[in-house]
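Q: Take a look at this one; I'll ask things after.
Protein chains in written order, with my numbering: chain X, 245 to 585; chain F, -12 to 43.
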């Protein structure tokens, strides 16, 4: 049996490792555009307060995974899926252009940073924070300041979960941070109003500047600085750098191109199966029949472990989400109430 | 005076502090790392005990 996985994040690798443990004879190949190794994205949120993050974030190198019986083709992109022939076209990496057969295909490409369409025109004037590559760029930018005993003054656009984690970690690392949030309270998708209020107070107590109800229109480079433009105000807010953190977008393009059903994510049934019986989806790309995308690490690991056991014939029951309590990595803050999901 | 150690999850950065234990999973405060059963998993992400690293 030949199983091909697209994506080397928590979803793809947890599945691959479990599958290999359950069935040593299964031929398991992971296709990934990453080249740094297998790392855990949640750890990115501590990417500024930790010194050795570029190395310590790597849980396993691709060479280690190879030794564990999982074939990795890194630095590669899947450009097409032929569902009738069950073949993939891949390009980049060691293979310039090649095709690969599969019996079962697992889509686990994760998600990209969502950029609100009005900001696309200013794409070269802000950073995003979604991958180790993004983190490395930000750390490099920051290093140019810290080498001269200075620290940058940041604007973060978006006061959701990632924006708040990022603000907290930059603040912990000693930087000045301002959050511009479109809504009237922080993390309104995860926190009840009372907890949003205590998060606001927490940020104020550690000198993170929070601006709520802000309609950000765009950005403008002014010398070394970037200004954040707000609707109906003449105020000129200037920062050393801007990070747009407005949520995530599941990578569904390849699935769409091949005619799989998609909505916000790739549509799967409760067996994580797409409308092609040989193709499954996991993690940030998978949208369940209840419309939910379980973009938290606990349920994603659960999906991966479940799918391996299911495909190995060990279980026949559908996947059900585990009880999980997500928690934002905001230094020194704990919500009183459970997170909303 | 504390001789308790702290262990950090390499998957999600959750910290297990021996002094605090993990009462929600039935691990009493003061439980040493080696006394935690092997079936215990990270309360935040579900990673196995082996994914934890001793903090310096």
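The beta-carbon is built from N, C-alpha and C at its ideal position, and this holds for glycine as well.
(1) What do you reckon, are the CB atoms on residue 553 of chain X and residue 259 of chain X nearer than 7 Å?
(2) Near residue 310 of chain X, which residues of its chain fall below 8 Å by C-beta distance, leaving aside the five closest residues on each side in sequence?
(3) Taking 7 Å as the CB-CB cut-off, is residue -4 of chain F touching chain X?
(4) From what residue to what residue does the beta strand (DSSP E) around residue 324 of chain X run?
(5) Counting contacts by CB-CB distance shorter than 7 Å, is residue 284 of chain X in contact with chain F?
(6) Run down chain F in chain order and give the residues with a C-beta less than 8 Å from the C-beta of residue 508 of chain X.
(7) Looking at the strands, I want to know which residues DSSP matches up with residue 493 of chain X.
(8) Per the DSSP calculation, residue 345 of chain X is bridged to which residue(s)?
(9) So residue 378 of chain X is in the alpha helix (DSSP H); what residue range does that whole segment cover?
(10) With a threshold of 7 Å between beta carbons, is residue 33 of chain F in contact with chain X?
(11) Got a sec? Which residues, its chain only, sit under 8 Å from residue 267 of chain X by beta carbon, not counting five neighbours each side?
(12) Within 7 Å of any Cβ in chain F, is that where the Cβ of residue 545 of chain X sits?
(13) So with CB distances below 8 Å, who are the chain F contacts of residue 571 of chain X?
(14) List the residues of chain X that residue 0 of chain F touches, going by C-beta distances under 8 Å, in chain order.
(15) According to a CB-to-CB cut-off of less than 9 Å, which residues of the segment 517 to 541 of chain X neighbour chain F?
(16) In three-state DSSP terms, what is residue -12 of chain F?
(17) Determine, for residue 303 of chain X, whether the minimum Cβ-Cβ distance to residues of chain F falls below 7 Å.
(18) Looking at the structure shown, is residue 445 of chain X part of a helix, part of a strand, or coil, going by DSSP?
(19) Assign residue 405 of chain X to one of three DSSP states: helix, strand, or coil.
(20) In whole angstroms, what separates the C-alpha of residue 561 of chain X from that of residue 550 of chain X?
(21) Count Cβ pairs between the segment 395 to 407 of chain X and the segment 417 to 426 of chain X that sit closer than 8 Å; are there 3 or more?
A: Taking the coordinates as given:
(1) Sequence index remark: in the first chain, residue 553 of chain X carries index 309 (1-based). Sequence index remark: in the first chain, residue 259 of chain X carries index 15 (1-based). Going by C-beta atoms, residue 553 of chain X is not nearer than 7 Å to residue 259 of chain X.
(2) If you number the first chain from 1, residue 310 of chain X lands on position 66. So the qualifying residues of the chain are 316.
(3) Within the second chain, numbered from 1, the residue matching residue -4 of chain F stands at position 9. No - not a single Cβ of chain X is within 7 Å of the one on residue -4 of chain F.
(4) For the purposes of this step, residue 324 of chain X is taken as residue 80 along the first chain, with counting starting at 1. Looking at the DSSP string, the run of the beta strand (DSSP E) that includes residue 324 of chain X is 321 to 326.
(5) In the first chain, residue 284 of chain X corresponds to position 40, counting from 1. Yes, its Cβ sits closer than 7 Å to a Cβ of chain F.
(6) For this step, residue 508 of chain X is matched to residue 264 along the first chain. Residues of chain F passing the Cβ test: none, with the nearest at roughly 23 Å.
(7) Residue numbering aside, residue 493 of chain X sits at position 249 when the first chain is read from its first letter. Answer is X:356, bridged to residue 493 of chain X.
(8) Looking up residue 345 of chain X in the first chain gives position 101. Bridge partners of residue 345 of chain X: X:331.
(9) The sequence position of residue 378 of chain X within the first chain is 134, counting from 1. Residue 378 of chain X -> alpha helix (DSSP H) spans 376 to 390.
(10) Against the second chain, residue 33 of chain F aligns to sequence position 46. It does: the Cβ of residue 33 of chain F has a partner Cβ on chain X nearer than 7 Å.
(11) Numbered from its first residue, the first chain carries residue 267 of chain X at position 23. So the qualifying residues of the chain are 245, 556.
(12) Counted from its first residue, the first chain places residue 545 of chain X at position 301. Cβ-Cβ to chain F under 7 Å: yes for residue 545 of chain X.
(13) For the purposes of this step, residue 571 of chain X is taken as residue 327 along the first chain, with counting starting at 1. Here the neighbours are 31.
(14) Residue mapping note: residue 0 of chain F aligns to position 13 of the second chain, counting from 1. Simply 286, 287, 289, 290, 573.
(15) 540, 541
(16) Locating residue -12 of chain F in the second chain gives position 1, counting from the first residue. With a pLDDT of 49 at residue -12 of chain F, under the threshold of 50, the predicted position of this residue should be treated as unreliable, though the coordinate-derived value follows. Three-state DSSP puts residue -12 of chain F in coil, outside helix and strand.
(17) Locating residue 303 of chain X in the first chain gives position 59, where the first residue counts as 1. Taking Cβ atoms only, chain F reaches closer than 7 Å to residue 303 of chain X, which makes this a yes.
(18) Position 201 of the first chain, counting from 1, holds the residue named residue 445 of chain X. Three-state result, residue 445 of chain X: helix.
(19) Start at 1 with the first residue of the first chain, and residue 405 of chain X comes out as number 161. DSSP places residue 405 of chain X in helix when its eight states are reduced to three.
(20) Position 317 of the first chain, counted from the start, is the residue given in the question as residue 561 of chain X. Position 306 of the first chain, counted from the start, is the residue given in the question as residue 550 of chain X. Approximately 10 Å, taken between the alpha carbons.
(21) yes
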